[in-house]
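Input: a single structure, listed below in structure tokens.
Put into structure tokens, the structure is as follows:
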């Protein structure tokens, strides 16, 4: 399914689609050194930045800002 409108949160998307929040997939974009990484997370889960850093063995990881997301995705 595709939303006809923009949903700011997974909860908003789930309400628009009439499904559980866990059925929604969040796309989170992170800046890692000189590249970007997209994490796909169930709508009812959170992404731990510390666990992400540990899993990819990087220290310089942060959420991409809105302009970086628009430019690089």
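Numbering (this note's numbering), first residue to last: 6 to 78. The beta-carbon is built from N, C-alpha and C at its ideal position, and this holds for glycine as well.
I need the straight-line Cα distance from residue 69 to residue 20, nearest angstrom please. Counted from its first residue, the chain shown places residue 69 at position 64. Counted from its first residue, the chain shown places residue 20 at position 15. So the alpha carbons of these two residues sit roughly 26 Å apart.
N- and C-terminal bounds of the alpha helix (DSSP H) containing residue 64: The residue labelled residue 64 in the question sits at position 59 within the chain shown. From DSSP, residue 64 is part of no alpha helix (DSSP H); its letter is neither H nor E.
Going by DSSP, which residues form a beta bridge with residue 44? Taking the first residue of the chain shown as 1, we reach residue 44 at position 39. For residue 44, which the question treats as bridged, DSSP gives the partners 33.
Would you call the segment 26-36 and the segment 46-64 touching, i.e. three or more CB-CB distances under 8 Å? yes
Measure the C-alpha to C-alpha separation of residue 24 and residue 10 and round it to an integer number of angstroms. Locating residue 24 in the chain shown gives position 19, where the first residue counts as 1. Locating residue 10 in the chain shown gives position 5, where the first residue counts as 1. If you take the alpha carbons of residue 24 and residue 10, they lie about 16 Å apart.
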